[in-house]
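Below, the structure written as structure tokens:
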């Protein structure tokens with residue numbers, strides 16, 4: 068029979084797995100490994116449903132630490148994406164510092180209308196997916212680390228940014244390794260993810276008081 072701690076670890080792993088799926092759908096599609104519309108219907112949507120199911124199970128089984136970490140991380144990550152968007156959108160629309168409008172691109176790929184161009188629905192879905200990714204990264208941060216210093220959150224944001232620059236997404240844009248042929252691109256990514264990390268850290272420090280790691284058997288009231 069599993070102990071409550073073992074059950075929490077299993078549920079945590081399931082939530083982390085579901086949270087990791089969303090941010091990888093776009094890079095996998097841009098790598099040419101699968102159609103993004105197919106990935107969305109067969110992988111992304113089920114992962115969202117299952118994440119909600121596992122969160123509900125965590126609440127039902129009394130895993131308050133995991134429930135609150137997941138909820139706080141998801142909301143904080145979603146809100147922190149507004150900070151990221153402030154830099155990304157300004158860079159793209161004002162300074163032409165980005166090679167394309169990525170949320171719109173994600174939208175046309177999600178709706179399988181790349182040859183037709185964006186629509187109101189594709190734009191809405193593209194931005195919804197963009198903010199869902201921000202929520203997922205927030206969940207991953209808080210489920211594993213709990214409440215951490217601003218330095219941890221800032222570094223986490225920069226790690227996400229570096230991962231993005233190394234991903235097939237940037238490679239597919241034709242601007243060289245890590246966007247070196249368009250210097251404004253990596254600068255924008257660094258600044259945008261700095262804003263994301265700072266906001267994520269500030270919000271989670273306000274909402275969480277649990278500083279234990281995922282594998283710590285100690286639980287705390289929040």
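Residue numbers (the numbering used here): 68 to 289. The beta carbon of each residue, even a glycine, is placed where N, CA and C say it ideally should be.
Outcome for residue i when other beta-carbon atoms lying within 10 angstroms are tallied against a minimum of 16
| i | result |
| --- | --- |
| residue 112 | exposed |
| residue 97 | buried |
| residue 205 | buried |
| residue 153 | exposed |
| residue 215 | buried |
| residue 182 | exposed |
| residue 187 | exposed |
| residue 134 | buried |
| residue 248 | exposed |
| residue 160 | exposed |
| residue 125 | buried |
| residue 155 | buried |
| residue 288 | Caution applies to residue 288, whose pLDDT of 41 falls short of 50 and renders its modelled position unreliable; the model cannot decide the point. |
| residue 162 | exposed |
| residue 69 | exposed |
| residue 273 | exposed |
Residue i and residue j closer than 7 Å at C-beta
| i | j | result |
| --- | --- | --- |
| residue 277 | residue 213 | yes |
| residue 255 | residue 114 | no |
| residue 210 | residue 189 | no |
| residue 78 | residue 121 | yes |
| residue 199 | residue 89 | yes |
| residue 201 | residue 144 | yes |
| residue 71 | residue 236 | no |
| residue 104 | residue 168 | no |
| residue 264 | residue 223 | yes |
| residue 268 | residue 217 | yes |
| residue 207 | residue 137 | no |
| residue 203 | residue 86 | yes |
Closest by C-alpha distance to residue i, when choosing among the options
| i | options | result |
| --- | --- | --- |
| residue 148 | 258, 279, 122 and 273 | 258 |
| residue 262 | 228, 279 and 236 | 228 |
| residue 172 | 84, 239 and 271 | 239 |
| residue 281 | 99, 116 and 130 | 130 |
| residue 234 | 80, 92 and 73 | 92 |
| residue 275 | 142, 232 and 170 | 142 |
Supposed close pair residue i, residue j - CB separation, criterion 8 Å
| i | j | result |
| --- | --- | --- |
| residue 177 | residue 107 | 5 Å |
| residue 164 | residue 251 | 3 Å |
| residue 260 | residue 225 | 6 Å |
| residue 253 | residue 246 | 5 Å |
| residue 270 | residue 84 | Contact doesn't hold; Cβ gap of about 24 Å is too wide. |
| residue 128 | residue 74 | 7 Å |
Which ranges does the alpha helix (DSSP H) cover as unbroken runs of at least 4 residues, wholly within the segment 103 to 134, from first to last along the chain? 103 to 106 and 112 to 127
Tell me the start and end of each unbroken beta strand (DSSP E) in the segment 215 to 244 that is at least 3 residues and wholly inside, in chain order. none
Residue ranges of each alpha helix (DSSP H) within the segment 136 to 179, 4 or longer: 169 to 177
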